[in-house]
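Protein chains in written order, with the numbering used here: chain A, 1 to 233; chain B, 1001 to 1099.
Notes to accompany the following structure.
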């Protein structure tokens, strides 16, 4: 049952997400083209993946000629958080969210869309999520295309500076919880130290595997030393 | 190897991660270890991806360092993601003007 008002509400709630994606994916488009991908390939990645960190790592794997197994493991590690978000959202779906709707809307579970959806007090309807996903995807794909296409036309100084956009966003996600929770701070520092060691000491390990190794070991450490009580959110 | 194959694997794995729990799961995860692990993993991933890669993201370690410090400061004060991201880039650009 498609309700027009739900769809519009979803779109409205998705506008800030779409705008944010537009500028971040612009940076991704530039990065992907620099790594040797075509404009079409870069845009296709954004259209089919709709995720920032996973795509950035995926482009690294492609650029370094990694194996398909490495690609699959890299995506699994980086994107496993979506499984948790999907689990969490699956608890608050409206009855109209039938199996086909679940399988369709699952495609659009991102950090930001999850955040907004999880904050809704009413049960989620499919059309609400579709509206939000549509506008967010539009921003993500359009930004990638523009970055990949026009990035080459920008002055070198501007396109070089835009290379940091994605990482800036990653820091903005990490720092606030690390400031408030000692456990997150320890996990983040452990992962960073591990990543630095891999880069300069154990550089035989490829970039993708280094991320998996560091993320998994830091999180296991965190789960052992700082097990979490029942979540309140 | 063809880029299309990489993209197919990338998109396929990412979709399955999202759709399997969303489509099939109706229960809650009870293992405390697993819940804690899943809670920490996104932060660990982003940290490992960012450091030290961020210092190589602009082609100059100095402009990248300026952008990193800016991002750290602004995110410490919890400004919105997009503000932090663009300010980091602006700081890198401005520093580049003086090199």
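Note that the Cβ used here is the ideal one computed from N, Cα and C, for glycine as well.
Cutoff 8 angstroms: residue i Cβ touching any chain B Cβ
i, result
"residue 125 of chain A", "no"
"residue 203 of chain A", "no"
"residue 1 of chain A", "For residue 1 of chain A, the pLDDT reaches just 49, beneath the cut-off of 50, and the residue's location in the model is therefore unreliable, although a value from the coordinates is still provided. For residue 1 of chain A, the answer is no, since every Cβ of chain B falls outside 8 angstroms of its Cβ."
"residue 117 of chain A", "no"
"residue 146 of chain A", "no"
"residue 182 of chain A", "no"
"residue 199 of chain A", "yes"
"residue 39 of chain A", "no"
"residue 63 of chain A", "no"
"residue 134 of chain A", "no"
"residue 130 of chain A", "no"
"residue 15 of chain A", "no"
"residue 33 of chain A", "no"
"residue 107 of chain A", "yes"
"residue 232 of chain A", "Caution applies to residue 232 of chain A, whose pLDDT of 47 falls short of 50 and renders its modelled position unreliable; the value that the coordinates give is listed next. Taking Cβ atoms only, chain B never reaches closer than 8 angstroms to residue 232 of chain A, which makes this a no."
"residue 54 of chain A", "yes"
"residue 12 of chain A", "no"
"residue 44 of chain A", "yes"
"residue 218 of chain A", "yes"
"residue 90 of chain A", "yes"
"residue 139 of chain A", "no"
"residue 150 of chain A", "no"
"residue 84 of chain A", "yes"
"residue 142 of chain A", "no"
"residue 68 of chain A", "yes"
Closer than 9 angstroms at the beta carbon, the chain A residues around residue i
i, result
"residue 1072 of chain B", "171, 175"
"residue 1076 of chain B", "175, 176, 179"
7 angstroms Cβ cut-off: residues of chain B touching residue i
i, result
"residue 222 of chain A", "1036, 1040"
"residue 206 of chain A", "By Cβ distance, chain B contributes nothing, its closest Cβ being about 13 angstroms from residue 206 of chain A, past 7 angstroms."
"residue 75 of chain A", "1010, 1013, 1014"
"residue 20 of chain A", "1081, 1082"
"residue 71 of chain A", "1006, 1009, 1010"
"residue 48 of chain A", "1007, 1011"
"residue 57 of chain A", "1049"
Nearest residue (CA-CA) to residue i, options the options
i, options, result
"residue 1039 of chain B", "A/73, A/84, A/30", "A/84"
"residue 181 of chain A", "A/227, A/72, A/51", "A/227"
"residue 134 of chain A", "A/14, A/61, A/5, A/4", "A/14"
"residue 173 of chain A", "B/1092, B/1077, B/1096", "B/1077"
"residue 146 of chain A", "A/79, A/131, A/162", "A/162"
"residue 1029 of chain B", "A/205, A/86, A/71, A/177", "A/86"
"residue 75 of chain A", "B/1045, B/1031, B/1036", "B/1045"
"residue 200 of chain A", "B/1075, B/1074, B/1051", "B/1051"
"residue 60 of chain A", "A/19, A/98, A/36, A/24", "A/36"
"residue 1008 of chain B", "A/6, A/46, A/5", "A/46"
"residue 1066 of chain B", "B/1098, B/1092, B/1072", "B/1092"
"residue 120 of chain A", "A/141, A/89, A/136, A/99", "A/89"
"residue 1089 of chain B", "A/138, A/26, A/204, A/110", "A/26"
"residue 171 of chain A", "B/1043, B/1024, B/1063, B/1035", "B/1043"
"residue 150 of chain A", "A/12, A/40, A/10", "A/40"
"residue 1058 of chain B", "A/63, A/77, A/34", "A/34"
"residue 945 of chain B", "A/195, A/48, A/24", "Lying before the first or after the last residue shown, residue 945 of chain B is absent from chain B, which here runs from 1001 to 1099."
"residue 159 of chain A", "A/8, A/28, A/114, A/19", "A/28"
"residue 1075 of chain B", "A/177, A/205, A/221", "A/177"
"residue 196 of chain A", "B/1053, B/1064, B/1037", "B/1053"
Closer than 8 angstroms to chain A by CB, residue i
i, result
"residue 1064 of chain B", "yes"
"residue 1013 of chain B", "yes"
"residue 1005 of chain B", "yes"
"residue 1061 of chain B", "no"
"residue 1057 of chain B", "yes"
"residue 1045 of chain B", "yes"
Chain-ordered neighbours of residue i on chain A, where CB pairs are closer than 7 angstroms
i, result
"residue 1098 of chain B", "Neighbours of residue 1098 of chain B on chain A: none; closest Cβ ~11 angstroms, over 7 angstroms."
"residue 1089 of chain B", "161, 162, 164, 165, 168"
Those residues which DSSP pairs with residue i across a bridge
i, result
"residue 124 of chain A", "A/93"
Interface partners of residue i on chain B, CB under 8 angstroms
i, result
"residue 235 of chain A", "Any property of residue 235 of chain A remains undetermined from this structure, which presents chain A solely from 1 to 233."
"residue 153 of chain A", "Here the premise fails: no neighbours, minimum Cβ distance about 16 angstroms."
"residue 187 of chain A", "1040, 1043, 1044, 1047"
"residue 157 of chain A", "1093, 1096, 1097"
"residue 78 of chain A", "1045, 1049"
"residue 23 of chain A", "1082, 1085, 1086"
Chain A contact residues for residue i, given Cβ-Cβ distances below 8 angstroms
i, result
"residue 1084 of chain B", "168, 169, 171, 172"
Where residue i meets chain B, residues with beta-carbon distance less than 9 angstroms
i, result
"residue 114 of chain A", "Residues of chain B passing the Cβ test: none, with the nearest at roughly 10 angstroms."
"residue 195 of chain A", "1047, 1048, 1049, 1050, 1051, 1052, 1053"
"residue 99 of chain A", "1023, 1024"
beta-carbon residue i near the ligand SAH non-hydrogen atom, thresh 7 angstroms
i, result
"residue 65 of chain A", "As for the ligand SAH, it is missing from this structure, which has no ligand bound."
Below 8 angstroms, can you find three or more Cβ-Cβ pairs linking the region 159-167 of chain A to the region 1076-1095 of chain B? yes
Would the region 206-225 of chain A count as touching the region 188-195 of chain A if we require 3 or more Cβ pairs under 8 angstroms? yes
I want to know whether the region 1012-1030 of chain B touches the region 120-134 of chain A - three or more CB-CB distances under 8 angstroms. no
Check whether the region 206-214 of chain A and the region 64-84 of chain A are in contact - that is, three or more C-beta pairs closer than 8 angstroms. yes
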